[in-house]
Structure formats: C-alpha cells, structure tokens
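Engineer: Each residue of the sequence shown is one higher than the last, beginning at 1169 in this note's numbering.
Handing you this structure, nothing more for now.
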Amino acid sequence: MMKNISSADVGLAYGFVRRTWFGNIHYQLARSGYGSVDDRRRQAINGDVITDPRIPPRRVWDLYSNRVLPFRVLLGADVPMKLWAVSHSWVPDSQLKHVWTPINGYMWPVPIPLDVDLSQIRIELLNLGAEYVWLDVLCLRQEIPPATMLHHPKRNMEDMQQWRDSCERTRREEWRLDVPTIGYVYRCKPSQVVVSYFNGLGRPFRLSAESLEGEDSANHWINRVWTMQEATSNWFLGGLTPQPFDEGEPGVSDTIKLFHQRMSDLLAVLPQGQTPPDLFALVSFLRLRHARRENDYVSGLGYLLQCPVIPIYDETISVEIAWERLVCQLESKSLTDLLFLFPIAGTNPKARWRPSWGRLLRDPLTPLSTSSVAYLRQDLVRYDPGSGEYSNIAYIVDRCVLHSTGTAGRLQLQVPIEPSDGDQAAPRFITIAISSSNPSLGKPLADAEYTIAATADLKYWLYGKPVRESKKSITLEKCGTFVVDDAEDIETLWHLNPGYADMRVIYA
C-alpha cells in the first residue's frame, strides 16, 4: 500500500480486528494463521511453475468494513464458506472508468463500467447475504494507466512515476501466481457461492440475442475465456431488477432458451467431481470465446485441466511458449490424446508429435471432444523433464505403405510380412482398410514408406518417419494418425508380431 495515503484508516483497522472481537480466537493463534498462508504462497512457485494451484486468493473484500484485506484475516488455510466470489464480464474500454478508492488503499485505480459505482455493488452483495467476497478488480492487482495518475489523491507527490513503476513490477510478480490460480476461489468446493454479472460488473441483467451472438457479443460473460473457470452450478444472478421478462415479446422466448442452452452446455463440459476433464471439449469451448491476451487461453485451460502443477503467468512470452510450458505439465492421458487423436503433425519442427497452440485452437481438424479410448498403462505418453523427451511403450511395424482408395477418409495400409528365417523369398504384404481425417492422406502418397505405432489394443495408430533407432528405442517424427476399425484387421496386425512389440518410442 502506498505510504502516507492515510495514517489512520479506521475502516482498515476495523476489518483487521473484527474477526477476533466476538470469538474465542487467541491472539497468538491468529498470528500463527497469518504466517501459514503467506508461507504457502511464497512456496507455491518453483522456477516457472506453480506447484500449489489450489491456493486461496491474496486479498478479499470485507463488505462490513468496506476495505480490501489480506486473505490471512480470515484465519484459515483454505477458502471458508463465508467467502463468496464475484464473476462478471468486462465492458469495452470506451464504457470503462478507473476509480481511485480508499477501499483498496488507493493501490490501483479500479476499472468499472461508467454507469456503476462500487457502493451500489457493495449494497447489492450485502443484501444477498455476503460478508467477504473476492472481486478481481479490487482483489487482483490491476494495471495503472498513466492517464489515471492525474486523479490520484497524491498526484502532486514527487515520486509518483517511480511509485507507478514499482506498482507495475509488483503487479507482474503477483500475476505470475494469482492469474493462473484465479479459478480456485470459484471452484474450490461444490457449495461455493458465486455472484455472476452477465452484462458487466454491477449492471442490470438483460438478455437479448444481440448481446449473446451479435456484433457486440464478444464482451458478454458467456463469450469470455476467463469466465469458463468461474462458471459453477451454485451461482446467484447479479443485477436482478423488478422488471420481468415479457416472454410474449418477439424473440424473447428463443433468447432465454438460447441462454439456458449455452449455460447448460458449458457446465456439462467443465470437470465435475471425479470426472476427468476433456481436453478437446474444453478447447472447443475456448475457441468460441474472447480474451484480452492470447496467453489467457492457455492459462485458463491449464487450470480447467486440473493439472497438479501449472505454469506461471508470464505476459512477456509468446502464446506458443506458454503452451509448450503447459504441455510439460499435462497428465499422461492428455499427452496421449494429443499424440493419437489429433490427426495431423504439428508445425513446430521440434515437436511434430503435438499441435501448436494456434493449430489446436483454430484448426477445423481439432476434435470437438475426446474419444473414449481404452489406453493400456504402457500406452500412456510420459514426459521426462531430464531429457525433455515424450515417449511410451508401443507396438510398431516398419516399412508400411499407405495407398489412397479414392474414397475420402478411407485408405489401404500395406503391411510387410517378413519371410521365415532362412527363407530367401521376398516379403509378402497384407492390405488393411483404415480411416483418417487427415486431408493429406487423400492425395497420392507416391508409395512412401512409414513406420507405424499403435495404442489401445491396436485400434489407434500414428504413422511417421524414423529419426533415430537403437536396440532399446526408436524416435519417430509424427506425420499423421489413422484408425483401424475392423476387428479382424486388428487381429491380423496383432499376430504379425514383427519383433517390435513393447518397443520404447520417443516422439519428435
């Protein structure tokens, strides 16, 4: 907090002490609770990753004292029942104002819609029954636009520019941890209460087809990237007014149905309980949404995938580097899905086995959801941080040829059968029908030879070019994937046993 703004802030003092006034909380016990949550936050980052993504927020808004306080005043190591969260859509910059307020100690100007003030938001939240809330514009350090410095209470202070520069450094440092872990305060438990403002913070709730799907729909709550991790089935509708919907008005009934359908679809794709997250389904929803920064897509996906370790938020790196860092932390199943279910090779020459972020997010070949694949334990791709290699144990066959059949998505796989020992006869071939959504496989392949690798009882395959071989492993550069659907063909492939079963395959 900026020095000398207020040497006697009664509201701040009240916020700090009121938790202990009416309870049996011993002073030393309270002090020990203060230290534990701060220690946990300091230890949450290791290098460029966050090892404790399920961490409480740094600050909370105490509605009774009307001050932003450190989370530790709640005297707990985790998010308590009395801490609610506020979710809201942002508005265009032209509809935004930046307000300096004693609520957050004038640490940064609070961005809110032009037609809203913080007092009306506070009153509404109090009327709903809230005591403490997490609201990003107040509790997550915000950028300080230079023009707003003219309205700061201490605007004549000589070191204002130096102070602003210091605040910006602090913001970037805090965002490394705070931005990727935003989702926890919303999704920490099924009973967590979330107040959602769909039309902008503090604004009345309105529904129109234009706001959901029109030219200005990019700012609606249902079309934003960050609100995906803020969505929960246990939410209050913020901004309700006495004005009812006239369902007889043309288009209103359809708009209400569209809104409910969009919300139902979103909640259905989000991870719930023990159900594992669906990588491709989450990406397909992210694709329909908007964000201020490209890196926000990757950071939001990392939290929704429930990775035990996630990358820090670094606004100075490219989105592809951010994606590369996230891939290193993905669960083995997600890595295997990227390898065998994304049908074409990646554009990164150092990582052909997986799609780039740009291709994953926007390529029409990206699956809309993840197929239910019965991977064996050895099928799962694992990352070795020491060598930087992604590998699994796979069944492989070399010197295979793919032939076009003239039918879209259908090809012939020609597999060699080696002669028995001592037999000088040339290899025989069997032909198997395969399917693939890779458009390049519909073109003449000039009888190119590939090495193929299988997973999931030889149903899902990739074809690629060998890069390196040794007695214990082979390195493959992925070219694409295909599926063998026919049970008899799978059985035929299984009995080939070309001597490469249980081979370690490293993917380039």
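The beta carbon of each residue, even a glycine, is placed where N, CA and C say it ideally should be.
Pop quiz: Val-1301 and Leu-1375 are said to be a contact at Cβ under 8 Å. What is the actual Cβ separation, rounded to whole angstroms?
Structural biologist: Their Cβ separation, rounded to whole angstroms, is 24 Å, which puts Val-1301 and Leu-1375 out of contact at 8 Å.
Engineer: If we call anything under 8 Å between Cβ atoms a contact, is Tyr-1306 one with Trp-1229?
Structural biologist: Reading the sequence as shown, one finds Leu at residue 1306 and not Tyr. Yes; because the gap between Cβ atoms is below 8 Å, this pair is in contact.
Engineer: Ends of the beta strand (DSSP E) at Val-1652?
Structural biologist: Segment: none, Val-1652 is in no beta strand (DSSP E) and carries neither H nor E.
Engineer: Tell me, to the nearest whole angstrom, how far the beta carbon of Glu-1217 is from that of Ile-1564; I am working on the premise that it is less than 8 Å.
Structural biologist: A quick correction: the sequence has Val, not Glu, at residue 1217. At roughly 33 Å, the Cβ-Cβ gap does not stay under 8 Å, so Val-1217 and Ile-1564 are not in contact.
Engineer: Measuring only the C-alpha atoms, how far is Leu-1664 from Leu-1456?
Structural biologist: Approximately 45 Å, taken between the alpha carbons.
Engineer: How should Met-1249 be labelled, buried or exposed, when 16 other C-beta atoms within 10 angstroms of its C-beta is the threshold for buried?
Structural biologist: Under this definition Met-1249 is an exposed residue.
Engineer: Would you tell me roughly how many angstroms separate the C-alpha atoms of Ala-1542 and Pro-1444, rounded to the nearest one?
Structural biologist: Distance between the alpha carbons of Ala-1542 and Pro-1444 is about 14 Å.
Engineer: Do you know whose CA, among Ala-1519, Pro-1314, Arg-1340, Met-1396, lies nearest Pro-1277's CA?
Structural biologist: Comparing Cα-Cα distances from Pro-1277 to each of Ala-1519, Pro-1314, Arg-1340, Met-1396, the minimum goes to Pro-1314.
Engineer: Taking the CB atoms as reference points, tell me whether Leu-1405 and Phe-1373 lie closer together than 8 Å.
Structural biologist: Closer than 8 Å, so yes.
Engineer: One question on the structure: do Arg-1545 and Ser-1559 come within less than 8 Å of each other, judged by their Cβ atoms?
Structural biologist: Against a cut-off of 8 Å, the Cβ pair of Ser-1559 and Arg-1545 comes out as no contact.
Engineer: For His-1428, which three-state DSSP category applies?
Structural biologist: Looking at His-1428 - three-state DSSP - the assignment turns out to be helix.
Engineer: What is the C-beta distance between Ile-1390 and Arg-1355, in whole angstroms, given that I count them as a contact (C-beta under 8 Å)?
Structural biologist: With 8 Å as the limit, Ile-1390 and Arg-1355 do not qualify as a contact, their Cβ atoms being about 17 Å apart.
Engineer: Rounded to the nearest angstrom, what separates Lys-1646 and Thr-1660 at their Cα positions?
Structural biologist: Cα to Cα, Lys-1646 sits roughly 24 Å from Thr-1660.
Engineer: Quick one: what does DSSP say Glu-1659 is sitting in, helix, strand or coil?
Structural biologist: Three-state result, Glu-1659: helix.
Engineer: On the three-state DSSP scale, how would you describe Arg-1672?
Structural biologist: If DSSP states are grouped into helix, strand and coil, Arg-1672 belongs with the strands.
Engineer: Suppose the cutoff is 7 Å on Cβ atoms and the five residues either side in sequence are ignored; what does the same chain contact list for Ala-1676 look like?
Structural biologist: Arg-1520, Trp-1521, Val-1635, Thr-1643, Leu-1644, Glu-1645.
Engineer: Using CA coordinates, which residue listed in Trp-1525, Leu-1509, Phe-1508 is at the minimum distance from Thr-1515?
Structural biologist: Of the listed residues, the one whose Cα sits closest to Thr-1515 is Trp-1525.
Engineer: Between which two residues does the alpha helix (DSSP H) holding Asp-1333 run?
Structural biologist: It spans 1328-1346 - the alpha helix (DSSP H) in which Asp-1333 sits, taken as one unbroken run.
Engineer: Please name the residue or residues paired with Thr-1643 in a DSSP beta bridge.
Structural biologist: Its beta-bridge partners are Arg-1636, Ile-1674.
Engineer: Per DSSP, what kind of secondary structure is Ser-1364 in: helix, strand or coil?
Structural biologist: Here Ser-1364 sits in strand by DSSP.
Engineer: What does the alpha-carbon distance come out to for the pair Asn-1387 and Glu-1342?
Structural biologist: So the alpha carbons of these two residues sit roughly 25 Å apart.
Engineer: Among the candidates Val-1254, Val-1651, Asp-1304, Ile-1674, whose CA atom is the shortest distance from the CA of Glu-1637?
Structural biologist: Of the candidates Val-1254, Val-1651, Asp-1304, Ile-1674, the one whose C-alpha sits nearest the C-alpha of Glu-1637 is Ile-1674.
Engineer: How big is the Cα-Cα spacing for Asp-1422 and Ala-1399?
Structural biologist: Cα to Cα, the separation comes out at about 22 Å.
Engineer: With which residues is Pro-1279 paired in a DSSP beta bridge?
Structural biologist: Paired residues: His-1266.
Engineer: Alpha helix (DSSP H) containing Asn-1295: first to last residue?
Structural biologist: It spans 1286-1296 - the alpha helix (DSSP H) in which Asn-1295 sits, taken as one unbroken run.
Engineer: What ranges does the alpha helix (DSSP H) occupy inside the segment 1512-1547, keeping only unbroken runs of at least 4 residues that lie completely in it?
Structural biologist: The qualifying runs are 1525-1530.
Engineer: Mind checking Asp-1304: buried by the 16 CB within 10 Å criterion, or exposed?
Structural biologist: Burial call: buried.
Engineer: Do Ala-1449 and Val-1393 come within 8 Å of each other at the CB atom, strictly closer than that value?
Structural biologist: Taking 8 Å as the Cβ cut-off, Val-1393 and Ala-1449 do not qualify as a contacting pair.
Engineer: Quick check on this structure: which residue in Phe-1366, Leu-1507, Leu-1570, Lys-1518 has the alpha carbon closest to the alpha carbon of Glu-1488?
Structural biologist: The residue with the shortest Cα to Cα distance from Glu-1488 is Lys-1518.
Engineer: Buried or exposed, going by whether 16 or more other CB atoms sit within 10 Å of the CB of Ala-1655?
Structural biologist: Per the 10 Å Cβ criterion, exposed.
Engineer: Pull up the CB-CB distance for Val-1466 and Ala-1490, whole angstroms please, since I reckon it's below 8 Å.
Structural biologist: Confirmed, Cβ separation roughly 4 Å.
Engineer: Thinking C-alpha only, which one of Leu-1264, Pro-1584, Gln-1580, Ile-1585 is nearest Ser-1603?
Structural biologist: Comparing Cα-Cα distances from Ser-1603 to each of Leu-1264, Pro-1584, Gln-1580, Ile-1585, the minimum goes to Gln-1580.
Engineer: Using the beta-carbon count (16 or more within 10 Å), is Ile-1424 buried or exposed?
Structural biologist: So Ile-1424 counts as exposed.
Engineer: Within the segment 1463-1509, note down every full beta strand (DSSP E) run reaching 3 residues or more, in order along the chain.
Structural biologist: For the segment 1463-1509, not a single whole beta strand (DSSP E) run of length 3 or above is found.
Engineer: Under a Cβ-count criterion, where at least 16 other Cβ atoms within 10 Å of its own Cβ denotes burial, should Trp-1662 be classed as buried or exposed?
Structural biologist: Exposed, since its Cβ has fewer than 16 Cβ neighbours within 10 Å.
Engineer: Would you say Leu-1469 and Phe-1427 are within 8 Å of each other, going by their C-beta atoms?
Structural biologist: Not closer than 8 Å, so no.
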